[in-house]
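All you need for my numbering is the position in the sequence shown, starting with 1, plus 220.
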Amino acid sequence: MRNTCHRFWESKVKNMEIPVYLFTGLLESGKTTLIHEVAGEEDFLEPGTTLLIQCEEGENSYSQEFLEKYEMVLIKIENQEDLNREFWEQCEVDYAPAQIMIEYNGMWEMDALFESGMPQDWALGGIYSTVNGATAELYLANMRKMFMEPLQDSNLIIFNRCSESIDRQKYRRNFKAFNPQVQVVFERENGTLYENEQDVMPFDYTGQRVIIDDMDYGLWYLDAMDHPEHYLGKTIHFNARYCESADPGRQCFVPGRHVMTCCEDDIQFLGFACFFDKKPNFSHGQWVSIDVKFDYGPCDLYGDGEEGPMLYLESITEGMQPEQELVTFT
Numbered sequence: 221m222r223n224t225c226h227r228f229w230e231s232k233v234k235n236m237e238i239p240v241y242l243f244t245g246l247l248e249s250g251k252t253t254l255i256h257e258v259a260g261e262e263d264f265l266e267p268g269t270t271l272l273i274q275c276e277e278g279e280n281s282y283s284q285e286f287l288e289k290y291e292m293v294l295i296k297i298e299n300q301e302d303l304n305r306e307f308w309e310q311c312e313v314d315y316a317p318a319q320i321m322i323e324y325n326g327m328w329e330m331d332a333l334f335e336s337g338m339p340q341d342w343a344l345g346g347i348y349s350t351v352n353g354a355t356a357e358l359y360l361a362n363m364r365k366m367f368m369e370p371l372q373d374s375n376l377i378i379f380n381r382c383s384e385s386i387d388r389q390k391y392r393r394n395f396k397a398f399n400p401q402v403q404v405v406f407e408r409e410n411g412t413l414y415e416n417e418q419d420v421m422p423f424d425y426t427g428q429r430v431i432i433d434d435m436d437y438g439l440w441y442l443d444a445m446d447h448p449e450h451y452l453g454k455t456i457h458f459n460a461r462y463c464e465s466a467d468p469g470r471q472c473f474v475p476g477r478h479v480m481t482c483c484e485d486d487i488q489f490l491g492f493a494c495f496f497d498k499k500p501n502f503s504h505g506q507w508v509s510i511d512v513k514f515d516y517g518p519c520d521l522y523g524d525g526e527e528g529p530m531l532y533l534e535s536i537t538e539g540m541q542p543e544q545e546l547v548t549f550t
């Protein structure tokens, strides 16, 4: 994983909070290697004791020299139940850590960790996931839920050991559908990065009016999240379901489509907030054909302080149900 980490770390948590960095992924996916690299990044670790919680042992280990160099205390955990309020409070008393790094067992549920009772002054600094390209298809076919669960909340996914035959764009699209804000990077088998990869869109976005065909909605949705600059100030035309706001006081609705990522269990509704001056006369779930002006910025519908695409209704008419209702990312 050479030269991967330093460009993607999120900003530190608020002052006076102790950051917890979570490293996830299935066995032999490269979590230990990633932690070694992170420790060596300039200014990543705050001065003081780093508490390193190892929940499974893989092909690599932590040498005493490494632990001493970075002022780390290694604690090995064998049972998920051992991560509880009493354990965390004792860690705080015994070590007064400046930060905590957790190499989490890929077979354990993420919610169990989030609900394990960490002290209130500890705050999640980031979730970083590793995926072994050599085994990804096997895990996805046989352990899909376990494979995908930690990726849903990750800040960064490092997809390593990629052969040239791996469909990187397929994986990236599916990861982004699960988690639109995540950074996804791919590494070759020799550890070097695939640089500046972008999807080639099957539609023309160079003009002032961009027409999105029914089958291209999923690709447009991801590109609008990743590259809103492609669409700023332009009129976008597409077909969608009319999703009415649960708050009758809001002058907006969500035009969107049902999207399938990995399989039928992963079907979800994806759309952007669309604002209007006069409420359209359409029912919830009805198919509509719309023209919208595209903008991007802070929008409370996406979360407190979050930014995202914002659509402004220009015209809306009754639409036709597409021949293939479910959208995919191919």
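Don't be surprised by glycine CBs; every beta carbon is placed ideally from N, CA and C. Remember, predicted model here, so these are calculated numbers, not experimental data.
Residue i to residue j, Cα distance in whole Å?
| i | j | result |
| --- | --- | --- |
| E543 | C311 | 58 Å |
| L496 | L439 | The residue you asked about is not Leu; residue 496 is Phe in the sequence shown. If you take the alpha carbons of F496 and L439, they lie about 25 Å apart. |
| N394 | L533 | 28 Å |
| L546 | V479 | 6 Å |
| L254 | Q506 | 47 Å |
| K289 | G476 | 52 Å |
| D314 | H256 | 24 Å |
| I347 | S374 | 5 Å |
| G278 | A354 | 16 Å |
| V448 | Y516 | According to the sequence displayed, residue 448 carries Pro and not Val. Going from the Cα of P448 to the Cα of Y516 covers about 7 Å. |
| I322 | P468 | 44 Å |
| A332 | V351 | 21 Å |
| Q401 | D302 | 32 Å |
| I297 | Y324 | 9 Å |
| E329 | L272 | 19 Å |
| M530 | F398 | 20 Å |
| A356 | S349 | 13 Å |
| R364 | E538 | 38 Å |
| E248 | D341 | 32 Å |
| E309 | S283 | 26 Å |
| E464 | R470 | 10 Å |
| M445 | T548 | 16 Å |
| C275 | Q300 | 8 Å |
| N304 | A343 | 16 Å |
| P518 | D263 | 30 Å |
| S281 | L287 | 11 Å |
Quick one: using the 10 Å Cβ neighbour count with 16 as the cut-off for buried, is residue i buried or exposed?
| i | result |
| --- | --- |
| L358 | exposed |
| S231 | Residue placement at S231 is flagged as unreliable, the pLDDT there being 41, under the threshold of 50; the coordinate-derived value follows with that caveat. Flag for S231 reads exposed. |
| T426 | exposed |
| I238 | buried |
| M540 | exposed |
| F423 | exposed |
| T412 | exposed |
| R222 | For R222, the predicted structure reports a pLDDT of 38, less than 50, and the residue's modelled location is therefore unreliable. A value from the coordinates is still provided. Counting Cβ neighbours within 10 Å, R222 comes out exposed, since fewer than 16 surround it. |
| S535 | exposed |
| E407 | buried |
| E487 | Per the sequence presented here, residue 487 reads as Ile, with Glu not at that position. Result: exposed. |
| K390 | exposed |
| F473 | buried |
| E396 | Looking at the sequence shown, residue 396 is not Glu but Lys. Counting Cβ neighbours within 10 Å, K396 comes out buried, since at least 16 surround it. |
| F334 | exposed |
| G525 | exposed |
| T252 | buried |
| A259 | buried |
| G523 | exposed |
| Q174 | As displayed, the chain neither begins before 221 nor continues past 550, which places residue 174 out of reach and without an answer. |
Do residue j and residue i have their beta-carbon atoms positioned less than 9 Å apart in this structure?
| i | j | result |
| --- | --- | --- |
| F458 | D443 | no |
| Y451 | H504 | no |
| L246 | G326 | yes |
| G250 | R392 | no |
| Q319 | Y241 | yes |
| V293 | P317 | yes |
| G528 | A493 | yes |
| V404 | F379 | yes |
| V420 | A460 | no |
| R388 | D511 | no |
| Y441 | L490 | yes |
For the putative contact between residue i and residue j, defined by C-beta atoms under 8 Å, what is the C-beta separation to the nearest angstrom?
| i | j | result |
| --- | --- | --- |
| I552 | F514 | Examination of residue 552 is not possible in this model, given that the chain is present from 221 through 550 alone. |
| P339 | T244 | So it is not a contact: roughly 21 Å between Cβ atoms. |
| E291 | T270 | 6 Å |
| S383 | E409 | 6 Å |
Could I get the ranges of all uninterrupted beta strand (DSSP E) runs contained in the stretch 474-522, with 3 residues as the minimum, in chain order? 488-491, 493-495, 507-518
In chain order, each beta strand (DSSP E) run of at least 3 residues that lies wholly inside the stretch 263-346: 270-274, 292-296, 319-323
Contained alpha helix (DSSP H) runs [length at least 4] in the stretch 414-438, N- to C-terminal order: none
Unbroken alpha helix (DSSP H) runs of length 4 or more, entirely within the stretch 360-390: which are they? 364-368
Pick out the complete beta strand (DSSP E) segments inside the stretch 439-473, 3 residues or longer, and give them in chain order. 455-464
Quick one: complete beta strand (DSSP E) runs, 3+ long, within the stretch 233-260? 238-244
Kindly provide the ranges of any beta strand (DSSP E) runs that are 3 or more residues long and lie completely inside the stretch 521-548, ordered along the chain. 527-538
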